[in-house]
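Below you'll find the structure, written out as structure tokens, and then a few comments.
Residue numbers (this note's numbering): 52 to 166.
Quick look at the structure:
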């Protein structure tokens, strides 16, 4: 569970651990940017762009995390009798599944129409 999900306090240490673990996964956009720079024989320029991209991403993620930390006390928790917080994840998963199925069906139709 993410920090604070089990009603324990969120500390700076847990936020730092979350940020470090999030930074371990390479960003596909940064990889594409760097590979394009290497293909154009502008590797140093690509490295500068990746560093700028990473600093901007880190700043954005940090500010969003801090905004959520300071804003969580401003909203009331939904009533226990309310069902929409329980149904919202199911509805969003169903929507993503439906969109994926439609896209897959369209791709399969285009593959079979080419043959």
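In this text, a Cβ means the ideal position worked out from N, Cα and C, and glycines have one as well.
Residue i versus the options, residue with shortest Cα-Cα distance
i, options, result
"residue 66", "77, 112 and 127", "112"
"residue 79", "68, 63 and 104", "104"
C-beta contact flag for residue i and residue j at 8 Å
i, j, result
"residue 81", "residue 101", "yes"
Near the ligand MN: residue i beta-carbon under 7 Å from a heavy atom
i, result
"residue 108", "Within the structure as shown, the ligand MN is missing, as the structure has no ligands at all."
With a cut-off of 8 Å, do at least 3 Cβ pairs link the region 96-104 to the region 79-86?
Touching, per the Cβ criterion.
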